[in-house]
Amino acid sequence: MKTEVVQDPNENAIQRFTKLIMEKPSFARPYNYRGVAYGNIGEIDRAIEDFNTAIRRQENYAEAYSNRGSAYRIKGDYDRAITDCNTAIRLDPDLPVAYNNRGIVYKLKGETDRAIEDYNTAIKLDPNFAYGYYNRGIVYHERDEFDRAIKDYTKAIELRPNLVHPHNNRGNAYSQKGEYQRAIEDYNAAIQLKPDLVEAYYNRGMAFLHLREWEKAKEDLTTAKDNQTNIIIEQFRKEYKNVADFEQKHGVKLPEDIAALLTSPT
């Protein structure tokens, strides 16, 4: 029986656009789109090379500037990222993705008011731009404005039901509101979309802890630990000083095996 090998769609895109580049090397768009595909597989330097070439071929190519700005942001070069996004916006003031990309950089720089302004503009330009809602939701979430975050995550999910992280993030917002059953429904959806999303197993496990469903909690936390050993300990330490701190804050006594899962590296 033959096993079918499914090729990564980004690899397919790279091959397709490389062929176009060989046929029409003076065209800018194939370089831009191949750069996006390289970025999607983490080859950021090759992506930037392609965006550079696209811009050389077409100096007013706003989308290529925006994409290069996104690549610089991934490399942590926020100043160059903002410069490229500014150029993209100057060339095409109606390009939602450029505002979204710049908003992400502002958020990373801690300039959250400016980030929200950019996400608002992206959404105004394209009310169906799911990523604008999702990224604005992240800012509201970090400000503990959970209802506004949930509203934005929900809109992103309505527009793009197959996006994984809005489900996981909305689950986190519901958890922080104490609505653990609704949170679990979102973690279920995230895991269904991406069965190897370790953080969703951890988050669902913690929700089960709050509901005192020990066996379900243990199963999820064990899955998370088996797939990424340190995620449980690292995340738990971000939220609580220790097990006693968790127990005091939530008025619960954890079973010893679960307490060990949350604190022991082995």
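1112 is the number of the first residue of the sequence shown in our numbering; add one for each residue after it.
We treat Cβ as the ideally placed atom computed from N, Cα and C, and that holds for glycine.
Which value, in whole angstroms, describes the spacing of the CA atoms of residue i and residue j?
i, j, result
"Ser1177", "Arg1259", "27 angstroms"
"Ser1137", "Ile1166", "11 angstroms"
"Asn1211", "Lys1364", "44 angstroms"
"Asn1163", "Asp1356", "52 angstroms"
"Met1112", "Arg1201", "With a pLDDT of only 48 at Met1112, under 50, the local geometry of the prediction cannot be trusted, and the value read off the model is given with reservation. Approximately 56 angstroms, taken between the alpha carbons."
"Tyr1245", "Lys1135", "37 angstroms"
"Arg1213", "Lys1262", "22 angstroms"
"Thr1114", "Ile1132", "The predicted position of Thr1114 is uncertain, since its pLDDT is 48 and thus under 50; a value taken from the coordinates is nonetheless stated next. So the alpha carbons of these two residues sit roughly 32 angstroms apart."
"Ile1342", "Leu1219", "22 angstroms"
"Asp1203", "Asn1231", "17 angstroms"
"Ala1284", "Asn1197", "32 angstroms"
"Ala1370", "Leu1274", "32 angstroms"
Is residue i near residue j, with beta carbons less than 8 angstroms apart?
i, j, result
"Val1354", "Leu1373", "yes"
"Tyr1298", "Asn1280", "no"
"Pro1207", "Asp1237", "yes"
"Asn1314", "Gly1289", "no"
"Ala1311", "Ala1301", "yes"
"Asp1215", "Arg1184", "Here the sequence assigns Ile to residue 1215, which means Asp is not the residue at that position. Cβ atoms of Ile1215 and Arg1184: closer than 8 angstroms."
"Arg1179", "Asp1195", "yes"
"Ala1124", "Tyr1172", "no"
"Ala1226", "Tyr1217", "yes"
"Leu1322", "Tyr1291", "yes"
For residue i, verify whether its CB is less than 7 angstroms away from any heavy atom of the ligand GTP.
i, result
"Ile1166", "Ligands displayed in this structure: none; no statement on the ligand GTP is therefore possible."
Nearest to residue i by CA position, among the options, is which residue?
i, options, result
"His1276", "Leu1304, Ile1132, Ser1286, Tyr1251", "Leu1304"
"Tyr1149", "Arg1168, Thr1129, Met1133", "Thr1129"
"Ile1249", "Lys1266, Pro1272, Pro1120", "Lys1266"
"Gly1153", "Glu1170, Ala1175, Ser1181", "Ser1181"
With a cut-off of 8 angstroms, does the C-beta of residue i fall near any C-beta of chain B?
i, result
"Leu1308", "The displayed structure is made up of one protein chain only, and chain B is not part of it."
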